[in-house]
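Peer 1: Chains as they are written, first to last, in the working numbering: chain A, 120 to 461; chain B, 120 to 461. For every residue, glycine included, the Cβ atom is placed at its ideal position computed from N, Cα and C. Here the structure is a predicted model, which means the values were calculated and not measured.
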């Protein structure tokens with residue numbers, strides 16, 4: 120069966136100048152994949168070049184564009200023919216298996232939720248992304264969709280994250296942790312404590328609390344937190360990595376001698392940079408919907424956006440959604456008949 | 120006037136083997152400072168060497184030790200002769216101007232609060248530390264003392280942080296920001312929004328929201344957040360920096376050629392490492408008390424603990440406490456007579 124990804128070509132800081140070359144690059148490296156490019160034909164078609172006749176590529180015109188700073192309510196109500204909306208409509212209609220957009224997160228979340236609807240048993244969508252760790256990587260959610268969470272929401276995030284990792288990485292029992300603080304008497308707030316109790320009884324491979332440093336030590340495969348904490352940690356990490364990279368660069372540019380050292384160390388530094396290149400982790404999945412909607416960084420370049428498309432493709436290919444739905448159906452059964460629970 | 124610091128020599132993962140050499144090193148580099156070493160004399164005295172006769176050094180015996188994993192309630196109730204407690208008692212009695220401990224945070228917080236009492240107008244103590252930024256450094260609070268905060272608490276943190284920076288860095292109008300998330304429709308939770316309103320009306324130089332990446336971009340001199348978020352961000356940052364440093368090291372150790380490159384790049388790498396050495400930022404101040412109590416990392420080595428002592432000394436020398444008290448007294452007046460507010 121063909122896996123087909125719908126791409127919002129107009130979203131992001133750079134629009135088609137990034138999204139279309141990324142789509143073409145992705146098509147080359149994934150010989151079985153099909154893409155639907157959604158956007159203003161006049162902006163998209165001229166960028167296709169030789170790929171215009173590629174049978175695995177289709178262009179769908181959408182007249183409108185959701186602005187990066189546009190009000191979510193207005194985007195949802197008035198922009199029914201936006202590239203973002205049309206791409207998600209394709210997923211809803213079964214004409215695509217996932218969508219990717221670098222557009223405004225709030226609008227993408229609202230439109231995805233409105234068009235695709237929530238999965239049974241999930242109250243709120245969550246944003247989930249992979250982060251590099253000392254041992255490989257981990258998945259963290261929520262990263263900003265939900266500011267105030269109840270314990271049940273955090274439980275649902277844990278289930279969704281675990282099923283995503285199980286599907287995409289073929290880990291049957293991914294380790295699930297909950298982000299918390301460690302000091303004895305000030306350990307966690309009430310919501311986190313209650314959520315930990317729910318996770319402990321969930322049948323997931325729950326490993327308990329993960330502190331901030333545990334994220335990057337690779338203590339868990341899935342780390343659950345509310346969207347406020349998750350968003351702040353994610354952005355603080357990006358900011359810190361950026362600051363360290365700039366400082367290292369400026370140290371190597373200090374004078375002739377350090378520039379020579381840089382030249383000699385270049386292969387090592389490049390290897391290091393590649394390993395932690397955040398562009399290779401681009402592509403957050405909005406979980407909890409009846410369809411796969413992937414959010415790319417707004418400022419993504421061609422390499423980063425290619426990775427976001429690949430992420431959507433992998434999620435679709437590995438039937439991540441079926442896995443989550445099946446588990447939720449099972450939870451519902453378990454909840455309904457606790458005596459039958461394993 | 121003499122500034123005198125009381126040191127809990129028994130606290131921390133390494134006890135006197137770190138705290139005493141650090142104290143001696145501090146004494147050498149601060150020719151006007153006086154220190155009181157508190158702990159088991161049999162453990163402390165043998166480490167003094169030639170400094171035993173130094174008139175700026177005094178040893179005060181304390182028979183008990185608060186364990187690193189000890190229950191806060193038990194430490195508070197039963198260990199009245201612990202080195203931690205006796206050091207803080209000295210501050211209370213006016214025999215020292217500040218205390219430093221690398222002991223268990225929960226116990227230090229509880230004992231500091233119990234012995235020193237809260238400043239009028241402050242409901243809860245907060246842990247405040249300096250973090251390096253692209254432009255210098257910033258101060259963040261709370262870092263773990265308060266998990267669930269009301270807007271008024273965050274306002275108080277803002278005032279305390281601003282006055283600390285004003286006193287210690289002679290910045291009259293430090294920029295105060297509140298940690299928040301940026302997406303338009305999901306911006307912040309109710310507590311943060313209400314706290315931002317209070318800070319806007321506080322007379323402080325409030326610059327509004329700071330997102331996670333803004334911390335390290337140096338957007339503000341003081342960043343306010345609740346202790347859960349602050350603790351997670353601080354530890355995640357430590358974990359990330361640690362992971363990147365290890366990875367860089369292992370890349371340079373890959374083979375003979377990369378080892379040669381490392382040798383050549385060593386001066387640059389060392390300079391870089393020194394610049395972001397977290398040990399140089401060791402020493403968090405517990406703010407909101409009628410006395411200065413400084414918390415060192417439990418795992419601090421001699422260099423790190425020396426910096427924590429220096430931090431306590433600077434806070435005492437610069438009369439940080441007077442500055443906070445004066446501002447709180449002024450706030451009380453302003454609150455009582457709003458028509459007279461500037």
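(1) Check each residue of the region 382–395 of chain A: if its Cβ is closer than 7 Å to any Cβ of chain B, include it; give the result in chain order.
(2) When we look at the beta-carbon of residue 382 of chain A and count the other beta-carbons within 10 Å, is it buried (16 or more) or exposed?
(3) I'd like to know if residue 288 of chain B contacts chain A, where contact means its C-beta is closer than 8 Å to some C-beta of that chain.
(4) Taking 8 Å as the CB-CB cut-off, is residue 183 of chain A touching chain B?
(5) Is residue 134 of chain B close to chain A? Criterion is C-beta to C-beta, closer than 8 Å.
(6) Could you give the distance in angstroms between the alpha-carbon of residue 153 of chain B and the alpha-carbon of residue 121 of chain B?
(7) Mind listing the chain B neighbours of residue 380 of chain A? Cutoff is C-beta to C-beta under 7 Å, in chain order.
(8) When the distance is taken between beta carbons, is residue 278 of chain A closer than 8 Å to residue 358 of chain B?
(9) Does the beta-carbon of residue 401 of chain B have 16 or more other beta-carbons within 10 angstroms, so that it is buried, or is it exposed?
(10) Are residue 344 of chain B and residue 228 of chain B close, meaning C-beta to C-beta below 8 Å?
(11) Which residues mark the beginning and the end of the alpha helix (DSSP H) in which residue 136 of chain B is found?
(12) Going by the beta-carbon positions, is the gap between residue 195 of chain A and residue 230 of chain A smaller than 8 Å?
(13) Rounded to whole angstroms, what is the Cα-Cα separation between residue 200 of chain A and residue 182 of chain A?
(14) Mapping DSSP to helix, strand and coil, what is residue 294 of chain A?
(15) Where residue 323 of chain A and residue 419 of chain A are concerned, what is the direct C-alpha to C-alpha distance, given to the nearest angstrom?
(16) Which residues in chain A sit within 7 Å of residue 377 of chain B, going by Cβ to Cβ distance?
(17) Quick check: the Cα distance between residue 320 of chain B and residue 272 of chain B, rounded to an integer number of angstroms?
(18) For residue 370 of chain A, return the contacting residues in chain B, with the cut-off set at a CB-CB distance below 7 Å.
(19) Runs of 4 residues minimum, wholly inside the region 249–291 of chain A: which ones carry the alpha helix (DSSP H) assignment?
(20) Could you tell me which of A:202, A:135 and A:222 sits nearest to residue 415 of chain A, measuring between CA atoms?
(21) Could you check which residue in B:251, B:148 and B:143 has the C-alpha nearest to that of residue 164 of chain B?
(22) What whole-angstrom Cβ distance do residue 178 of chain B and residue 160 of chain B have, given they're in contact under 8 Å?
(23) Does any CB atom of chain B fall closer than 8 Å to the CB of residue 263 of chain A?
(24) Does residue 428 of chain A come out as helix, strand or coil in the three-state DSSP assignment?
(25) Are the Cβ atoms of residue 244 of chain A and residue 314 of chain A separated by less than 8 Å?
(26) Assess contact between the region 234–251 of chain A and the region 260–267 of chain A, defined as three or more Cβ pairs (one per stretch) separated by less than 8 Å. Is contact present?
(27) Output yes or no for whether 8 Å exceeds the beta carbon distance between residue 342 of chain B and residue 217 of chain B.
(28) Shorter than 7 Å, the distance from the beta carbon of residue 187 of chain A to the closest heavy atom of the ligand PLP, or not?
(29) Please return the same chain residues whose Cβ sits closer than 7 Å to the Cβ of residue 433 of chain A, not counting the five positions on each side in sequence.
(30) Please list the residues of the region 334–345 of chain A that have a C-beta atom closer than 7 Å to any C-beta atom in chain B, keeping them in chain order.
(31) Residue 347 of chain B CB to nearest chain A CB: under 8 Å?
Peer 2: According to the data block:
(1) 383, 384, 387, 390, 391, 394 and 395
(2) exposed
(3) no
(4) no
(5) no
(6) 7 Å
(7) Those within 7 Å of residue 380 of chain A in chain B are 383, 384 and 387.
(8) no
(9) buried
(10) no
(11) Looking at the DSSP string, the run of the alpha helix (DSSP H) that includes residue 136 of chain B is 135–148.
(12) yes
(13) 6 Å
(14) strand
(15) 34 Å
(16) 387
(17) Approximately 15 Å, taken between the alpha carbons.
(18) 387, 390 and 391
(19) 270–288
(20) A:222
(21) B:143
(22) 6 Å
(23) yes
(24) helix
(25) no
(26) yes
(27) At a Cβ-Cβ threshold of 8 Å, residue 342 of chain B and residue 217 of chain B do not count as neighbours.
(28) Among the ligands in the structure shown, none appear at all, so the ligand PLP cannot be discussed.
(29) 287
(30) 334, 335 and 336
(31) So yes, residue 347 of chain B belongs to the interface.
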